[in-house]
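Q: Before I ask anything, let me first share the structure, which is written out below as structure tokens.
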Amino acid sequence: MRIVISGSSGLIGRAIVAELSQAGHEITRLVRGGPRADRPATFLDPLGDFLEPLRL
258 MRIVISGSSG LIGRAIVAEL SQAGHEITRL VRGGPRADRP ATFLDPLGDF LEPLRL
């Protein structure tokens, strides 16, 4: 299953991402800052960004 998660850089979010990834799900993380090399993510501008639907 493909799952989009916001808040994935926090304590609970990291645990959820780890559990879902281990279960075989494809995770897309939404972040306000740019993605880091160790945690690829989809950037979200909270001031009015429109996500590209095909990237989700």
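Residue numbering for the sequence shown follows our numbering, beginning at 258 and increasing consecutively.
Every residue, glycine too, gets a C-beta built ideally from N, C-alpha and C.
Bear in mind the structure is a predicted one, so any value in this text is a computation, not a measurement.
With distance defined between alpha-carbon atoms, name the residue in Arg259, Leu277, Ser266 nearest to leucine 287.
A: When each option's Cα is compared against that of leucine 287, the closest is Ser266.
Q: Report all residues from its chain with a CB closer than 8 Å to the CB of histidine 282; omit the five preceding and five following residues, and keep chain order.
A: Excluding positions up to five away in sequence, the list reads Met258, Arg259, Ile260.
Q: On the three-state DSSP scale, how would you describe serine 265?
A: Reduced to three states, the DSSP call for serine 265 is coil.
Q: Can the beta-carbon of leucine 277 be found less than 8 Å from the beta-carbon of isoleucine 269?
A: No. Outside cutoff.
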